[in-house]
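Under the UniProt record's numbering, the sequence shown has 263 at position 263, and the numbering climbs by one with no breaks.
Beta carbons are placed, not taken as given, at the ideal position from N, Cα and C, and that holds for glycine.
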Amino acid sequence: MRPFSIKPSPPPGVGASCLRKTFSRHRCQACADACPVAAINIGSDGPHLDADACLRCGNCLFVCPTDALTHLQPLRRNLRNNRLVGPFSTTITPEELLLWHRQYAIGGVELDYAAHPAWLRAVAALNVILRELNEAEWQIFPPQPRPVDGFRRHWLRVPDDAHQTASVTADQPTRLQAYHPFTPYELDFSLSRCVACGACARACAEKALRFTQTALDWDSSVCTGCHACTAVCFTGAITLRREIAAAHAQRFPLMQKVCSVCRHPFSTFSPQAERCHICQQHRHAMREA
1 MRPFSIKPSP
11 PPGVGASCLR
21 KTFSRHRCQA
31 CADACPVAAI
41 NIGSDGPHLD
51 ADACLRCGNC
61 LFVCPTDALT
71 HLQPLRRNLR
81 NNRLVGPFST
91 TITPEELLLW
101 HRQYAIGGVE
111 LDYAAHPAWL
121 RAVAALNVIL
131 RELNEAEWQI
141 FPPQPRPVDG
151 FRRHWLRVPD
161 DAHQTASVTA
171 DQPTRLQAYH
181 PFTPYELDFS
191 LSRCVACGAC
201 ARACAEKALR
211 FTQTALDWDS
221 SVCTGCHACT
231 AVCFTGAITL
241 RREIAAAHAQ
251 RFPLMQKVCS
261 VCRHPFSTFS
271 PQAERCHICQ
281 QHRHAMREA
């Protein structure tokens, strides 16, 4: 009989869906910014996660727009009477607290804020989001004394019926749904800069941007804020900004024309355009074949 052995779990890392590994010009560093111990470093080939330094706090899970972090799970936390209760981790993000608000109807936390300043800041940031969502803000309650010593309760096998341990679901679709019927990102689009190449729509995995021969369509309800569109736009016509607003769609009508110089068909947003964007770059009306 072979001796019983436990297969070690794989170390956490950054998977192939990372935006920096997909788009060479992308500058996303959300995971590194969220890491409290600088366990994620950005190299020329993308982020690298130091498994030995990683706290497994899961902060990076709540900010990555493509769910690229691997072999990490959200922490299990304690809740009672619609409140989060201790013991507390040393770090927390408002994005995680919003999921507790949505998935477990949590409305506050029993906390000694002097001992947990990171939690105090996260609750304050969450309340800014909740105000924009027109929802009740979280409250901070003083820790409630336990009537029976925890160790003795466990030794006597006395259940704590009001106490529950759980974790949130943190994938990107669930995080986006937490803002419904609002969305956390807004599009700024410059018609004068756009050359209607369609690269932004091809880069958008969620199809928040769609290019047709008649229009560029934008749907804020499915935008995850990955900024893939801005990474591939070589004219800087598209920018995304963090702003909570009601979900909406926009349409920017396109026209099909024939260039007066090279006679090639082209798309444009301008009724006055007579030359394609390539010929517009040539001052002497010359274009390579």
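Going by C-alpha distance, which of P94, C64, C200, A32 is nearest D217? Considering only alpha carbons, the answer is C200.
Please classify L99: does DSSP put it in a helix, a strand, or coil? Three-state result, L99: helix.
Could you tell me if V258 is buried or exposed, where buried requires 16 or more neighbouring beta carbons within 10 angstroms of its beta carbon? In the assembly as shown, V258 is an exposed residue. Its beta-carbon has fewer than 16 other beta-carbons within 10 Å.
Distance check for T268 and Y185, CA to CA, integer angstroms please. Taking the straight line from one Cα to the other gives about 26 Å.
Please tell me whether A105 and N127 are closer than 8 Å, where the distance is taken between their beta carbons. No; because the gap between Cβ atoms is not below 8 Å, this pair is not in contact.
Leaving aside the five residues before and after C279 along the sequence, list all residues of the same chain whose C-beta is less than 6 Å from its C-beta, in chain order. The answer, listed in chain order, is C259, V261, C262, R287.
Could you say if the segment 34-45 and the segment 121-137 meet the contact criterion of at least three C-beta pairs nearer than 8 Å? Segments in contact, no.
In the structure shown, what three-state DSSP assignment does P12 receive? It is coil, neither helix nor strand.
List the whole-angstrom C-beta distance separating G58 from L72, where the pair is believed to meet the contact cut-off of C-beta under 8 Å. Contact between G58 and L72 holds: their C-beta atoms lie close to 6 Å from each other, under 8 Å.
Below 8 Å CB to CB, which residues in the same chain sit around S167 once its five sequence neighbours on both sides are set aside? Only Q73, P74, L75, R76, R77 meet the Cβ criterion.
Please report the distance separating the alpha-carbon of P265 from that of I238. Taking the straight line from one Cα to the other gives about 23 Å.
So is the beta-carbon of C262 under 7 Å away from any non-hydrogen atom of the ligand MG? The model on display carries no ligand, and the ligand MG is accordingly not part of it.
Would you please state the rounded distance, in angstroms, between the beta carbons of A178 and L99? I believe it to be under 8 Å. Yes, they are in contact, since the Cβ atoms of A178 and L99 sit about 6 Å apart, within 8 Å.
By the three-class DSSP mapping on this structure, what secondary structure does residue 298 have? Because the chain in this structure spans residues 1 to 289, residue 298 falls outside the shown range and cannot be described.
Look at the Cβ atom of A170, then the Cβ atom of A205, and state whether they are nearer than 8 Å. No.
Chain-order list of residues whose beta-carbon lies under 7 Å from that of A118 (same chain, five-residue window excluded): These residues qualify, in order along the chain: T90, T91, I92.
Helix, strand or coil for Y185? Go by DSSP, reduced to three states. Three-state result, Y185: strand.
Can you tell me whether residue 297 is helix, strand or coil according to DSSP? This structure leaves residue 297 out entirely; the chain is present only between 1 and 289.
Can you tell which of R275, S190, Q29, V109 has the C-alpha that lies nearest to the C-alpha of S234? The question names Ser, but residue 234 in the sequence shown is Phe. Taking only the C-alpha atoms, the option nearest F234 is S190.
Checking 8 Å against the spacing of the C-beta atoms, do Q172 and P65 come in under that value? Yes; because the gap between Cβ atoms is below 8 Å, this pair is in contact.
Please list the terminal residues of the continuous beta strand (DSSP E) segment that includes D33. Where D33 is concerned, there is no enclosing beta strand (DSSP E), although the alpha helix (DSSP H) it sits in stretches over 30-34.
Near H277, which residues of its chain fall below 6 Å by C-beta distance, leaving aside the five closest residues on each side in sequence? Sequence-distant Cβ neighbours of H277 in its own chain, meaning closer than 6 Å and more than five residues away, are V195.
The beta strand (DSSP E) spanning R242 covers which residue range? Counting along the chain, the beta strand (DSSP E) containing R242 begins and ends at 238-246.
If you count every other CB in all the chains shown that lies within 10 Å of the CB of E274, and 16 or more means buried, which is it? Around the CB of E274, fewer than 16 other CB atoms lie within 10 Å, so the residue is classed as exposed.
Hey, out of E110, C223, A249, R251, whose CA is closest to R242's CA? Nearest option by C-alpha distance: C223.
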